[in-house]
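One structure below.
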Amino acid sequence: MQKKVFSVTFLLLIINCLIENQAQAQMRLINKIIRPDIDTNYITLYPRKLMTYTAISRKYLSFYLRNKRNTAVARYNPNVNNNLNFGVLYSGIGLEYSFFTFKKDNKEDLSLYGSTYLRDFQLNLYAQQFGIDLVSQNYKGFYLNNPQDFNKTWEKGNVYPQRDDIKVTNQALNFYYILNYRKFSYQSAFRQTRHQCRSAGSVMLMAGASNYSIEADSNLIPYAADSTKFRESETFLGGRFIDFSILGGYGHTFVWRRWYVSGTVLGGFGVQAQKYQTAIEDKRGVRGIGRLYTRFAAGYNDRRFFTGVSYLLDRKTTQVDKLVLGGELSNLRFFMGVRF
């Protein structure tokens, strides 16, 4: 009986040790992700954890349709406002609120371009080793940005052809990994929670998925008397597109004292499930897509004060029937802030 009790007790001790070792290993992994080893000759942490900032931003979601002969393209843009944002960060975690939009929001502007209803949510999370983008966009109301290509009598100052029936939605998730995270900091260029002391760069990898749709009451292809433009058989009324893509590229930050310039270019391909409508029939299929993801930032980053500009452009292209469909997401920001 004593041998059985001893065996059970010994077995429980072994199980307990295994559980504790596994828990400690998991905690070490979590700590490595949250607080990875960095080269302090290249990256330093700011001791002041509380940050407040204000920013003017301009978010954009547009698309275009081009024929395969590359002789005609129709570009549709929204009529968007500039946003005034205020934000607070503590230890890199923060909250930003856009409570005011401003523009020449007058009758002349609305008459020229029409009005756009939009909801645009973009969340960017930056750790030392990786980053995550979350996007949810809903735009309704677009105008044709190049009417002069289809109407030779159109002149600058005339009303742009408006399509208040066009609705575009986009939900996207991106995950990117920084290989040289010990010397290259994305947080320094795009969040200002760290300081890049010396110029450095890194190869970067990205995986992304999105659910993109276009809706319209009628054909989105404008026609002209010139036969080199779109043909009557080239039509598109909208559709839904779900894709997954993998990208690779490089990011680098150049530093001079407290001034910096940072750029990232990622390119790749993916696969896309399509369901769309032409004037003749509804179509389904699977196509390849090309994708280009670029980011830029420049500014001044001191212990107390920081200011700068950043720009994001995410572009995708794919084929729909006899046309090429391209979508563009962009975000331009001018910001300044202080640390306490």
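Counted the way mature numbering (1 follows the signal peptide of the UniProt record, and there is no 0) counts, the sequence shown spans residues -25 to -1, 1 to 315. In this text, a Cβ means the ideal position worked out from N, Cα and C, and glycines have one as well.
Excluding five sequence positions before and after residue 220, the CB atoms of its chain that fall closer than 7 angstroms to its own CB belong to 183, 243, 244, 245, 264 and 266, given in chain order. For residue 108, same chain residues with a beta-carbon under 6 angstroms away, outside a window of 5 residues either side, are 99 and 149 in chain order.
Sorting 312, 268 and 163 by C-alpha distance to the C-alpha of residue 292 places 268 at the top. For the pair of segments examined, the stretch 131 to 141 was found not to touch the stretch 152 to 167: the number of CB pairs separated by less than 8 angstroms stays below three. Inter-residue distance for residue 117 and residue 138 is about 5 angstroms (C-alpha atoms, whole angstroms).
Residue 163 sits in a helix when the DSSP states are folded into three classes. By the criterion of a C-beta distance shorter than 6 angstroms, residue 105 is surrounded in its chain by 152, once the five residues flanking it on both sides are discounted.
Assigned with DSSP and collapsed to three states, residue 88 falls in helix.
The stretch 54 to 65 and the stretch 207 to 226 do not touch, with fewer than 3 CB-CB distances between them shorter than 8 angstroms.
In this structure residue 309 is in contact with residue 30, their Cβ atoms being roughly 6 angstroms apart against a cut-off of 8 angstroms.
With contact defined as three or more Cβ pairs closer than 8 angstroms, the stretch 174 to 181 and the stretch 206 to 214 are not in contact.
Rounded to the nearest whole angstrom, the CA to CA distance from residue 254 to residue 50 is 19 angstroms.
Restricted to the stretch 19 to 55, not a single alpha helix (DSSP H) segment is unbroken, complete and at least 4 residues in length.
Per the C-alpha coordinates, the member of 71, 87 and 261 positioned closest to residue 248 is 261. Looking at the DSSP output, residue 189 sits in a beta bridge with 143 and 214.
Scanning its chain for C-beta atoms nearer than 6 angstroms, with the 5 sequence neighbours on each side dropped, one finds around residue 146 the residues 111 and 186, in chain order.
Bridge pairing for residue 131: 133 [DSSP]. About 21 angstroms separates the beta carbon of residue 233 from that of residue 286, a gap too long to meet the 8 angstroms contact definition.
Around the beta carbon of residue 208, fewer than 16 other beta carbons lie within 10 angstroms, which makes this residue exposed. Residue 103 sits away from residue 32, with the two beta carbons spaced by 9 angstroms or more. Per DSSP, reduced to three states, the secondary structure at residue 108 is strand. Residue environment: residue 192 is assigned as exposed (fewer than 16 neighbouring CB atoms within 10 Å of its CB, all protein chains considered).
Each residue's CA atom was taken as its position, placing residue 227 and residue 140 some 42 angstroms apart. The residues 238 and 286, in chain order, have a CB closer than 6 angstroms to that of residue 271 in the same chain once the five nearest residues on each side in sequence are set aside. Here residue 163 is buried, its C-beta having at least 16 other C-beta atoms within 10 Å.
Straight across, the Cα-Cα distance linking residue 26 with residue 84 is about 37 angstroms. In this structure residue 169 is buried. Its beta-carbon is surrounded by 16 or more other beta-carbon atoms within 10 angstroms. For residue 303, the closest alpha carbon among the candidates 41, 28, 14 and 37 is that of 37.
With a cutoff of 9 angstroms on beta-carbon distance, residue 101 and residue 173 are scored as not near each other. Residue 307 sits away from residue 196, with the two beta carbons spaced by 9 angstroms or more. Taking C-beta atoms as the reference points, residue 273 and residue 235 count as a pair closer than 9 angstroms.
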